[in-house]
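Trainee:
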Amino acid sequence: KNEVEQSPQNLTAQEGEFITINCSYSVGISALHWLQQHPGGGIVSLFMLSSGKKKHGRLIATINIQEKHSSLHITASHPRDSAVYICAAPSGGGADGLTFGKGTHLIIQP
Amino acid sequence: GAGVSQSPSNKVTEKGKDVELRCDPISGHTALYWYRQSLGQGLEFLIYFQGNSAPDKSGLPSDRFSAERTGGSVSTLTIQRTQQEDSAVYLCASSRVGDTQYFGPGTRLTVL
Chain F
1 KNEVEQSPQN
11 LTAQEGEFIT
21 INCSYSVGIS
31 ALHWLQQHPG
41 GGIVSLFMLS
51 SGKKKHGRLI
61 ATINIQEKHS
71 SLHITASHPR
81 DSAVYICAAP
91 SGGGADGLTF
101 GKGTHLIIQP
Chain D
1001 GAGVSQSPSN
1011 KVTEKGKDVE
1021 LRCDPISGHT
1031 ALYWYRQSLG
1041 QGLEFLIYFQ
1051 GNSAPDKSGL
1061 PSDRFSAERT
1071 GGSVSTLTIQ
1081 RTQQEDSAVY
1091 LCASSRVGDT
1101 QYFGPGTRLT
1111 VL
């Protein structure tokens, strides 16, 4: 079964700062997911990527398949980016569901 | 279009009772997932349906948990003889095969 590790667990930054959240996994995968959950809110899928880099607005996700590592970057961070960011990878071993990291609790202060 | 919907949004039950949670996936999505989010465990996979294939039940925590998907669309997650440790938010997601998963708002289950 895939083991998914995220860091940091908590991150507080000032508005405008460049944010990086890291994710590593233990078993080779077809694609990795980045999810966002606002306080008291639902889960939104941000990215699903299998190689290279994807960009959506101020969010950028990168993945290095050989190193089994992915990063989520937020440029020009804003208080509305405050949320829990979760990476998830296929569980592996024939299972079709996702194994989730414990999440990174991000707070952007104005 | 409509997203994934789940009902009820909240469910409070007494220990030992059975509960049924419903998920309506996005039309055309053949893959359907159930997950659980609890304070101590984070998000965990429960079960996966894909078309008419046998479901992947590898994440179900005990035989008190079961799920079915009728007609390749609506799914019901049933928990029998609920225990306090079953208290969590139960999330459903759907997708096209190998594509982004879209999550429902969840059902918050509280077992007293």
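Chains F and D, in that order, are what the protein sequence lines are. Position 110 of the first sequence, counting from 1, maps to 110 under the working numbering, and the rest follow consecutively. To convert, count from 1 in the second sequence and add 1000; that's the working numbering. For each residue, glycine too, the CB sits at the ideal point set by N, CA and C.
Closer than 8 Å by beta-carbon distance: list the chain F residues that pair up with D/P1105, in chain order.
Mentor: Neighbours of D/P1105 on chain F, chain order: G42.
Trainee: Determine the extent of the beta strand (DSSP E) in which D/R1012 is found, giving its start and end residues.
Mentor: For the record, residue 1012 of chain D in the displayed sequence is Val; it is not Arg. It spans 1010 to 1013 - the beta strand (DSSP E) in which D/V1012 sits, taken as one unbroken run.
Trainee: Could you name the residues of chain D that F/G97 contacts, counting a contact when the two beta carbons are closer than 7 Å?
Mentor: Chain D residues near F/G97: Y1033, F1045, Y1048, D1056, G1059.
Trainee: Alpha carbon to alpha carbon, how far is F/Q109 from D/N1052? Give it in angstroms, no decimals.
Mentor: Their backbone Cα atoms lie some 48 Å apart in a straight line.
Trainee: Would D/Q1101 count as contacting chain F if we go by Cβ distances under 9 Å?
Mentor: It does: the Cβ of D/Q1101 has a partner Cβ on chain F nearer than 9 Å.
Trainee: Taking only three categories from DSSP, how would you classify D/R1069?
Mentor: Residue state, collapsed to three classes: strand.
Trainee: For F/P79, which residues of its own chain have a beta-carbon under 8 Å away from its beta-carbon, when the five flanking residues on both sides are left out?
Mentor: E15, I108, Q109, P110, listed in sequence order.
Trainee: Under 8 Å by Cβ, that's how I've got F/G97 and D/Y1048 pegged, so tell me the actual separation to the nearest angstrom.
Mentor: Confirmed, Cβ separation roughly 5 Å.
Trainee: Could you tell me whether the Cβ atoms of D/V1012 and D/I1079 are closer together than 9 Å?
Mentor: It is not a contact, given that the beta carbons lie outside the stated cut-off.
Trainee: For F/T73, which residues of its own chain have a beta-carbon under 6 Å away from its beta-carbon, when the five flanking residues on both sides are left out?
Mentor: In the sequence on display, residue 73 of chain F carries His and not Thr. Contacts found: T20, I60.
Trainee: Ordered along the chain, which non-local residues of its own chain (more than five positions away) have a Cβ less than 7 Å from that of D/Q1084?
Mentor: Taken in chain order, the residues that qualify are K1015, V1111.
Trainee: Going by Cα to Cα distance, which pick from F/H38, F/V4, F/A13 is closest to F/N22?
Mentor: Per the Cα distances, F/V4.
Trainee: Note the first and the last residue of the continuous beta strand (DSSP E) segment covering F/I19.
Mentor: Counting along the chain, the beta strand (DSSP E) containing F/I19 begins and ends at 19 to 25.
Trainee: What does the alpha-carbon distance come out to for the pair F/Y85 and D/R1081?
Mentor: Answer to the nearest angstrom: the Cα atoms are 34 Å apart.
Trainee: Between the stretch 1091 to 1107 of chain D and the stretch 1019 to 1034 of chain D, can you find at least three pairs of beta-carbon atoms closer than 8 Å?
Mentor: In short, these stretches touch, since the Cβ pair count reaches three.
Trainee: Just to confirm before moving on: does the CB-CB distance between D/L1060 and D/L1021 stay below 9 Å?
Mentor: No, the pair does not count as a contact, with Cβ atoms beyond the cut-off.
Trainee: Nearest to F/G57 by alpha carbon, out of F/T75, F/I65, F/E17, F/E67?
Mentor: Selected option, being the one with the closest Cα: F/T75.
Trainee: Note down, in chain order, each residue of its chain lying with its Cβ closer than 7 Å to the Cβ of F/D81, except the 5 sequence neighbours on either side.
Mentor: I74, L106, I108.
Trainee: Please report how far the alpha carbon of F/A13 lies from the alpha carbon of F/S7, in whole angstroms.
Mentor: F/A13 and F/S7: Cα-Cα distance of roughly 15 Å.
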